[in-house]
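Please read the structure below before turning to the comments.
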Ligand code: NAD
């Protein structure tokens, strides 16, 4: 069994699920394979109706789902509600695609011949997700997979199985035929068994870059389609002409929202030297004032980290940063006073005097920590922002339209914001990143490119053999 526990009060067991071994993975993949031929032929608008109904049900159960999410993985209730809302938005957006699975028609080079394209489903999709957006991210994958006519085996993260199961139960309860959506629970070994199963045609993975690499290698071995959404080391650039109050608001939300456990977290703040000190002072004051606590309490600003290993990992960066010469201006330690000592709480941490090459400025820490890096001008700031292995999200605070457009052109991330932080994606725009963040796919808009194959169709009604490129 795997146990899901409340990271704010570790003694509280939220749920238990059986860990899927090879035989359960086999059963799930077989069920998905069996269900595929009929689901594939179900008209897409009918498939979409299931998503529409699920959106309504999830909207009606938003508060329950959000509370379960907060208990299971710790994010504050306000954000948990947002996570559920994102799934509602995604289901509605993708349901619309059920009547919009457009292909193309184009003239043939030969007379009496018709040429067109259609999107074809790929087959059985394995959807493997992390715990930090435990309803939103599954919806990013499962909804487009289903509307396109694929069947799914979903493996939620082992740190958020209950809320993942609830999401799947709702979808199944809204009219999915048996076998179209299947759930297996477990961690790395369950995920690896699923990825390697020869009955899986496509893997859609969101998680760390390290695991993403393993998934990609396993898929390459079997020529499977694979879409990867991985880590980030996102930067906000603050120029000397920026509205500093706005920039500090953005930095606090971007760095400490979800206790920094977002792939798009603002974990680097690159600040023009002219405003560095003032920005740093205001930021540190705000970080110190953030209230740690159980995410179910409305007064809480920052919830716990997801588990003990994550707390340890985040804390290890304090020494790493100090050794390299950074200054810990606030935080840098777990909260040890009751009732916080019952869970995995870490104080919001700001590193100052950070150099771009330091490990704290290069590696994804995934906790409530951020580093403030000085820069002389926009060009240097952009170079620093681009100087990491990841390429998910970036942001710029400025009042100068020329600077804004230079940054929009030169920042090498999948997403760029002006005058808002690195978080806040909307479902109907492309979501994903460059370099070690992704492998070229996008979720949200264009997600169907990941979950379908283009099929090219020629119909010759001339009644004679016509040879392309030969018969002019
Ligand atoms: P993780 O990589 O540890 O796990 C992700 C999922 O993969 C889990 O379901 C896990 O059980 C499974 N898994 C683990 N080992 C596996 C293996 N060998 N084969 C197949 N599956 C395996 O990540 P996490 O700690 O759950 O999530 C945090 C990470 O996710 C961060 O790096 C974060 O940046 C990233 N993330 C990225 C995005 C994005 O869209 N780019 C969004 C959210 C989170």
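Residue numbers (the working numbering): 4 to 475.
Ideal Cβ placement from N, Cα and C applies to all residues, glycine included.
Between residue 232 and residue 101, the C-beta spacing is not below 8 Å. In the displayed model, residue 237 falls within a strand according to three-state DSSP. For residue 44, the uninterrupted alpha helix (DSSP H) segment begins and ends at 25-44. At least one heavy atom of the ligand NAD sits closer than 7 Å to the Cβ of residue 133.
Separation of residue 448 and residue 344 (C-alpha to C-alpha, rounded to the nearest whole angstrom) is 42 Å. In the DSSP assignment, residue 304 forms no beta bridge with any residue. When distances are taken from the beta-carbon of residue 127 to the heavy atoms of the ligand NAD, even the shortest one reaches 7 Å or more. With respect to the C-alpha of residue 152, the residue from 462, 472, 454 having the closest C-alpha is 454. By alpha-carbon distance to residue 334, the top candidate from 372, 428, 302, 38 is 372. With a cutoff of 8 Å on beta-carbon distance, residue 198 and residue 149 are scored as not near each other. Closer than 7 Å to some heavy atom of the ligand NAD: that does not describe the Cβ of residue 280. Counting C-beta pairs with one atom in each stretch, the segment 411-421 and the segment 393-403 have three or more that are closer than 8 Å, which means they touch.
The beta-carbon distance between residue 135 and residue 156, rounded to whole angstroms, is 21 Å. This is too long to meet the 8 Å contact definition.
Between the segment 84-96 and the segment 52-70 there are three or more C-beta pairs closer than 8 Å, enough to call the two in contact. Scanning its chain for C-beta atoms nearer than 7 Å, with the 5 sequence neighbours on each side dropped, one finds around residue 48 the residues 101, 102, in chain order. For residue 413, the enclosing alpha helix (DSSP H) covers residues 404-413. By the 16-neighbour rule on beta-carbons within 10 angstroms, residue 220 is exposed.
The segment 250-267 makes no contact with the segment 26-45, as fewer than three CB pairs between them are under 8 Å.
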